[in-house]
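*Asks:* Here the protein sequences come in this chain order: Z and X.
In terms of the numbering used here, the first sequence opens at residue 1 and continues consecutively.
In terms of the numbering used here, the second sequence opens at residue 1 and continues consecutively.
Using N, Cα and C, we set each Cβ at its ideal position, and we do this for glycine too.
From a predicted model like this one, the values you see are computed outputs, not experimental measurements.
There are 2 protein chains.
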Amino acid sequence: MSRQAPTLEDVAREAGVSRATVSRVINGVRNVDPGIQEVVRQAVERTGYAPNRAARSLVTRRTQTVALIVSGAGDTSEGEQSAFTARVFADPFFGRVVAGVVGYLRPRSMHPLLMFAESPEARQQVLSDLRQGSADGALVVSTHADDPMPALLADAGVPAVLFARPSRPVPLSYVDLAHRDGARQAAEHLLKRGCRRIVTVTGPLGVGASQDRLAGFRDTMARSGHPYVPVAEGGFTLDSGMAAMSGLLAEHPDVDGVFAANDLMAQGACQVLRERGRRVPDDVAVVGFDDSSVAATCRPALTTVRQPVEEMASTMAALLDEHIQGLRTDPTSVIFDPELVVRESA
Amino acid sequence: MSRQAPTLEDVAREAGVSRATVSRVINGVRNVDPGIQEVVRQAVERTGYAPNRAARSLVTRRTQTVALIVSGAGDTSEGEQSAFTARVFADPFFGRVVAGVVGYLRPRSMHPLLMFAESPEARQQVLSDLRQGSADGALVVSTHADDPMPALLADAGVPAVLFARPSRPVPLSYVDLAHRDGARQAAEHLLKRGCRRIVTVTGPLGVGASQDRLAGFRDTMARSGHPYVPVAEGGFTLDSGMAAMSGLLAEHPDVDGVFAANDLMAQGACQVLRERGRRVPDDVAVVGFDDSSVAATCRPALTTVRQPVEEMASTMAALLDEHIQGLRTDPTSVIFDPELVVRESA
DNA sequence: CTGAAAGCGCTAACAG
DNA sequence: CTGTTAGCGCTTTCAG
């Protein structure tokens with residue numbers, strides 16, 4: 001980045017061949033004499049050549065970059081970007097998404113470009129950036145069920161894949177989890193354990209996953225003769241889990257089982273229960289959701305429903321790649337199966 | 001992204017002017033007749049033109065993108081990228097960094113390109129990507145004091161700015177906090193409160209900030225006649241904070257003050273203390289560090305030393321921008337002042 | 001199997 | 001104030 005970077009021309013001169021040949025060697029195109037290939041490789045080495053991305057992009061029409069869009073609902077006012085960002089990252093879930101995405105992209109020397117779409121202005125920005133060719137496609141993680149971003153992307157013809165099914169049909173591929181099935185497993189585990197006075201702490205009900213987990217849980221409970229399940233809504237945070245549990249405990253002091261819609265809230269519930277003199281799992285069994293990193297490390301270790309976030313995220317990236325390359329044209333969906341992980345809390 | 005995107009040529013034809021003129025209007029260069037300006041603007045509107053980023057980059061030699069490098073020590077084995085990523089994002093600190101960075105970049109229509117440098121291979125990848133011109137410069141957040149990435153970047157001549165002073169001198173600008181001073185404030189607050197049996201939970205001692213906070217705390221304590229302060233090392237996580245506090249409590253049951261090197265650990269300490277029947281702050285006062293989002297929301301609300309992470313991060317981005325634009329050539333450093341925020345825990 | 005030549009879409013002198 | 005003219009560095013036909 002200091003002195004003038006060597007170009008293909010320089011390497012070609014050094015190797016005594018044409019630019020085209022050097023280009024072929026670098027891009028691994030066959031039909032190049034092995035001897036010349038070696039000569040070129042050495043010339044590249046000597047000159048310290050690195051292909052210029054912009055020039056390459058200009059002709060290939062590909063940036064080797066995908067946008068990772070973190071998208072909120074339409075009502076966040078401008079200027080709250082900072083708070084929005086902080087909130088998103090506070091959830092261990094997002095880190096796992098990034099890990100999965102990078103796991104797929106990196107071996108292919110692609111990178112995620114971070115974008116936030118928490119307001120109408122921000123969404124237009126994102127759209128405009130994408131149409132300028134800042135990225136070859138977009139991976140969208142929405143924090144709300146009624147996020148307008150997916151539809152905007154679809155209308156703009158930008159290749160995009162979503163994490164989680166959009167609330168309204170949008171012609172885009174997505175990956176998701178069988179949330180209801182996961183909630184069913186949690187309910188069955190609690191029931192099998194002998195719990196009879198079961199309550200649940202849901203995630204924010206504006207999120208599809210929260211709704212599905214609650215629905216799946218209620219269904220299973222109802223089928224087992226428990227038509228009524230006390231519910232408290234949380235916000236997927238530790239504190240909200242504590243608050244929700246406090247409320248439930250006040251109204252139902254005899255509770256003996258809790259299903260929390262994510263691990264952070266389950267952890268919060270455990271803490272409140274212990275503060276109020278309940279032993280977990282002896283007096284009250286607690287089941288979480290996600291199997292995030294805290295689940296295994298907190299005390300007591302959380303029994304939870306595993307969501308393979310990393311795998312889902314890397315699949316999301318793989319799908320996008322297929323769309324970008326034109327290998328896949330019609331939207332598809334890949335639904336992952338949750339799995340109960342039994343530890344100490346239930 | 002579906003049909004052929006319109007080019008400058010198309011807009012020029014539509015407006016009945018030359019490409020150059022359109023370019024001038026779009027880039028806001030003066031010396032263009034207001035009337036023509038309007039005509040061009042309309043032509044842009046009609047054609048739905050969006051400048052091609054690759055083409056522009058090729059000539060301006062600028063991508064409007066900066067790499068946000070999360071960098072670990074040299075010993076992480078390949079394949080652990082996923083765990084590394086998850087760990088990094090689990091810390092609320094990182095979200096604040098991103099928020100600050102984006103806060104600076106977005107108004108300038110720039111974006112952060114996420115890169116991880118947790119192994120030697122990954123570092124070479126990052127370096128190679130940067131030399132290809134994937135980004136105009138790099139913002140580096142290291143998880144360890146002896147991170148080799150800064151030096152590699154400096155050697156490669158890549159414009160870069162660091163978050164936190166590197167352990168060995170590297171000719172790069174950086175932003176940092178006066179950690180020792182923050183720790184001093186924490187110590188003074190505890191002492192002023194009347195605490196006499198004070199312990200501290202440090203961050204991982206491989207991190208410069210942890211070392212500085214510990215040193216500053218010890219210094220102040222020593223000057224106040226407390227030559228010995230029991231120490232337990234934590235890992236900046238809630239669990240590690242709980243574990244550290246448990247250990248300290250076992251050996252020093254009469255503790256009446258705790259300084260934890262970040263809020264997460266302070267929160268963990270509070271929980272352990274309450275579980276063991278200590279009231280916070282009545283029996284034991286607890287001071288955290290960072291003033292991250294949990295500090296205000298957890299119970300009891302944490303008295304803590306505020307680190308203005310967002311501001312530091314956006315300053316870091318601003319410095320990088322100056323370096324990229326050539327407005328600044330020599331490395332500089334900006335040190336921020338911490339500030340004690342008194343809430344409930346101490 | 002290799003080279004010559006034609007752009008990709010844009011900016012930036014340089015004339016006028 | 002506007003148009004003409006060169007490229008930026010690379011890939012990719014198309015000849016040979």
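For Z/Ser167, list the residues DSSP reports as bridge partners.
*Replies:* On the first sequence, residue 167 of chain Z is found 167 positions in, with the first residue counted as 1. According to DSSP, Z/Ser167 bridges with nothing at all.
*Asks:* Can you tell me whether X/Val140 is buried or exposed? The criterion is at least 16 other CB atoms within 10 Å of its CB, across all chains shown.
*Replies:* Locating residue 140 of chain X in the second sequence gives position 140, counting from the first residue. X/Val140 should be labelled buried.
*Asks:* Would Z/Asp337 be called buried (16 or more neighbouring beta carbons within 10 Å of its own) or exposed?
*Replies:* As a position in the first sequence, residue 337 of chain Z is number 337, starting the count at 1. Classification for Z/Asp337: exposed.
*Asks:* Report all residues from its chain with a CB closer than 6 Å to the CB of Z/Ala183; omit the five preceding and five following residues, and keep chain order.
*Replies:* For the purposes of this step, residue 183 of chain Z is taken as the residue at position 183 of the first sequence. Same-chain partners within the cutoff: Arg213, Gly216 and Phe217.
*Asks:* Taking C-beta pairs closer than 8 Å, name the residues in chain Z that X/Val270 reaches, listed in chain order.
*Replies:* As a position in the second sequence, residue 270 of chain X is number 270, starting the count at 1. Looking at the sequence shown, residue 270 of chain X is not Val but Cys. Neighbours of X/Cys270 on chain Z: none; closest Cβ ~11 Å, over 8 Å.
*Asks:* Give a yes or no on whether 8 Å exceeds the smallest Cβ distance from X/Pro51 to chain Z.
*Replies:* On the second sequence, position 51 is the one that residue 51 of chain X refers to. Yes - at least one Cβ of chain Z is within 8 Å of the one on X/Pro51.
*Asks:* In the DSSP output, what is Z/Arg184 paired with across the bridge?
*Replies:* Here residue 184 of chain Z is taken as the residue at index 184 of the first sequence, counted from 1. Note: Z/Arg184 sits in no beta bridge, so no partner.
*Asks:* Jot down the residue ranges of each uninterrupted beta strand (DSSP E) in the region 223-304 of chain Z, minimum 3 residues, whole runs only, in chain order.
*Replies:* Listed in chain order, the complete beta strand (DSSP E) runs (minimum 3 residues) inside the region 223-304 of chain Z are 231-233, 257-260 and 285-290.
*Asks:* Just to confirm, are Z/Thr332 and Z/Ser173 a CB contact at a threshold of 8 Å?
*Replies:* Counting from one through the first sequence, the residue named residue 332 of chain Z turns up at place 332. Counting from one through the first sequence, the residue named residue 173 of chain Z turns up at place 173. Their beta carbons are under 8 Å apart, which means Z/Thr332 touches Z/Ser173 by this criterion.
*Asks:* Smallest Cα separation from Z/Thr7: which of X/Asn262, X/Arg131, X/Val286 and X/Glu311?
*Replies:* The residue you call residue 7 of chain Z lines up with position 7 of the first sequence. Answer by Cα proximity: X/Arg131.
*Asks:* Cβ of Z/Arg274 less than 8 Å from any chain X Cβ?
*Replies:* To locate residue 274 of chain Z, count along the first sequence from 1; it is residue 274. Output row for Z/Arg274: interface = yes.
*Asks:* Using a Cβ cut-off of 8 Å (strictly closer), state whether X/Gln42 contacts chain Z.
*Replies:* Stepping through the second sequence from its first residue, residue 42 of chain X is reached at position 42. Cβ-Cβ to chain Z under 8 Å: no for X/Gln42.
*Asks:* I want to see whether chain X comes within less than 8 Å of Z/Met316, judged by CB atoms only; does it?
*Replies:* For this step, residue 316 of chain Z is matched to residue 316 along the first sequence. Chain X, which has no Cβ nearer than 8 Å to the Cβ of Z/Met316, makes this no.
*Asks:* For the region 128-142 of chain X, list every residue whose C-beta sits within 8 Å of some C-beta in chain Z, in sequence order.
*Replies:* Listed by position along the chain: Ser128, Asp129, Leu130, Arg131, Gln132, Gly133 and Ser134.
*Asks:* Can you pull the DSSP bridge partners for X/Pro112?
*Replies:* Position 112 of the second sequence holds residue 112 of chain X. Its beta-bridge partners are X/Val66.
*Asks:* Skipping 5 residues on each side, what residues in its chain have a beta carbon closer than 7 Å to that of X/Pro293?
*Replies:* The residue given as residue 293 of chain X occupies position 293 in the second sequence. Per the sequence shown, the amino acid found at residue 293 of chain X is Ser instead of Pro. The answer, listed in chain order, is Pro92.
*Asks:* Along the chain, where does the beta strand (DSSP E) containing Z/Tyr174 start, and where does it finish?
*Replies:* Taking the first residue of the first sequence as 1, we reach residue 174 of chain Z at position 174. Element bounds for Z/Tyr174: Ser173 to Leu177.
*Asks:* Provide the residue(s) that pair with Z/Phe336 in DSSP beta bridges, ordered along the chain.
*Replies:* As a working mapping, residue 336 of chain Z is identified with position 336 in the first sequence. Answer is Z/Leu177, bridged to Z/Phe336.
*Asks:* Alpha carbon to alpha carbon, how far is Z/Pro150 from Z/Arg165? Give it in angstroms, no decimals.
*Replies:* To locate residue 165 of chain Z, count along the first sequence from 1; it is residue 165. To locate residue 150 of chain Z, count along the first sequence from 1; it is residue 150. Going from the Cα of Z/Arg165 to the Cα of Z/Pro150 covers about 10 Å.
*Asks:* By Cβ distance, which residues of its chain are closer than 6 Å to Z/Met1, with the 5 residues on each side in sequence left out?
*Replies:* To locate residue 1 of chain Z, count along the first sequence from 1; it is residue 1. Interpretation of Z/Met1 is limited by its pLDDT of 43, a score under 50 that renders its predicted location unreliable; the figure taken from the coordinates is listed afterwards. There are no such residues.
*Asks:* Within the continuous beta strand (DSSP E) that includes Z/Thr315, where are the two ends?
*Replies:* As a position in the first sequence, residue 315 of chain Z is number 315, starting the count at 1. No beta strand (DSSP E) holds Z/Thr315; the alpha helix (DSSP H) holding it covers Val309 to Gln325.
*Asks:* Is Z/Gly35 close to chain X, meaning its C-beta is less than 8 Å from at least one C-beta of that chain?
*Replies:* For the purposes of this step, residue 35 of chain Z is identified with residue 35 of the first sequence, where counting begins at 1. Chain X, which has no Cβ nearer than 8 Å to the Cβ of Z/Gly35, makes this no.
*Asks:* So if I threshold CB-CB distances at 8 Å, which residues from the region 87-121 of chain X count as touching chain Z?
*Replies:* Listed by position, the residues of the region 87-121 of chain X near chain Z (Cβ gap below 8 Å) are Arg87, Val88, Phe89, Ala90, Pro92, Phe94, Gly95, Arg96, Val98, Ala99, Gly100, Val102, Gly103, Arg106, Ser109, His111, Pro112, Leu113, Leu114, Met115 and Phe116.
*Asks:* Keeping to the same chain, check which residues put their C-beta closer than 7 Å to that of X/Gly208; ignore five residues upstream and five downstream.
*Replies:* Numbered from its first residue, the second sequence carries residue 208 of chain X at position 208. Taken in chain order, the residues that qualify are Ala145, Ala164, Arg165 and Ser167.
*Asks:* With a Cβ-Cβ cutoff of 8 Å, do Z/Ala5 and Z/Ala50 count as a contact?
*Replies:* By 1-based counting over the first sequence, the position of residue 5 of chain Z is 5. By 1-based counting over the first sequence, the position of residue 50 of chain Z is 50. Contact flag set, yes.
*Asks:* So, under 8 Å CB-CB, Z/Gly103 and X/Ser82 are touching, yes? Tell me the CB distance rounded to an integer number of Å.
*Replies:* Here residue 103 of chain Z corresponds to residue number 103 of the first sequence, with the count starting at 1. Here residue 82 of chain X corresponds to residue number 82 of the second sequence, with the count starting at 1. Z/Gly103 to X/Ser82, Cβ: 6 Å. Contact.
*Asks:* What residue does the alpha helix (DSSP H) around Z/Ser142 start on, and which one ends it?
*Replies:* In the first sequence, counting from the first residue as 1, residue 142 of chain Z sits at position 142. Unbroken run through Z/Ser142 is the beta strand (DSSP E), Ala138 to Ser142; no alpha helix (DSSP H).
*Asks:* Would you mind giving the Cβ-Cβ distance between Z/Ile335 and Z/Leu177, rounded to the nearest angstrom? I have them listed as a contact below 8 Å.
*Replies:* Here residue 335 of chain Z refers to the residue found at position 335 when the first sequence is read from its first residue. Here residue 177 of chain Z refers to the residue found at position 177 when the first sequence is read from its first residue. Yes, they are in contact, since the Cβ atoms of Z/Ile335 and Z/Leu177 sit about 7 Å apart, within 8 Å.
*Asks:* Report all residues from its chain with a CB closer than 6 Å to the CB of Z/Met245; omit the five preceding and five following residues, and keep chain order.
*Replies:* Here the question's residue 245 of chain Z lines up with position 245 in the first sequence. Hits under 6 Å: Ala269 and Val272.
*Asks:* By Cβ distance below 6 Å, which residues in the same chain neighbour X/Ala313 in space, the five residues on each side in sequence not counted?
*Replies:* As a first step, residue 313 of chain X must be located in the second sequence, where it is residue number 313. Taken in chain order, the residues that qualify are Val97, Gly100 and Val101.
*Asks:* Z/Asp283 touches chain X at which residues, Cβ-Cβ below 9 Å?
*Replies:* Residue numbering aside, residue 283 of chain Z sits at position 283 when the first sequence is read from its first letter. In chain order: nothing, as chain X lies at least about 16 Å away.
*Asks:* For Z/Gly288 and Z/Ala260, which I take to be in contact (beta-carbon distance under 8 Å), what is that distance rounded to the nearest angstrom?
*Replies:* Counting from 1 along the first sequence, the entry for residue 288 of chain Z is found at position 288. Counting from 1 along the first sequence, the entry for residue 260 of chain Z is found at position 260. Sure, about 5 Å apart at Cβ, within 8 Å.
*Asks:* Kindly list the residues whose CB is nearer than 7 Å to the CB of X/Asn262, restricted to its own chain and excluding five residues on each side of it in sequence; keep chain order.
*Replies:* Counting from 1 along the second sequence, the entry for residue 262 of chain X is found at position 262. Same-chain partners within the cutoff: Gly203, Phe236, Gly288, Phe289 and Asp290.
*Asks:* Would you mind reading off the limits of the beta strand (DSSP E) that contains X/Thr202?
*Replies:* On the second sequence, residue 202 of chain X is found 202 positions in, with the first residue counted as 1. X/Thr202 -> beta strand (DSSP E) spans Ile198 to Thr202.
*Asks:* By the 10 Å Cβ neighbour count, where 16 or more other Cβ atoms means buried, how is Z/Val342 classified, buried or exposed?
*Replies:* Here residue 342 of chain Z is taken as the residue at index 342 of the first sequence, counted from 1. Z/Val342 should be labelled exposed.
*Asks:* When Cβ atoms are compared, which residues of the region 286-308 of chain Z fall closer than 8 Å to chain X?
*Replies:* The region 286-308 of chain Z vs chain X, Cβ under 8 Å: Ser293, Val294, Thr297, Cys298 and Arg299.
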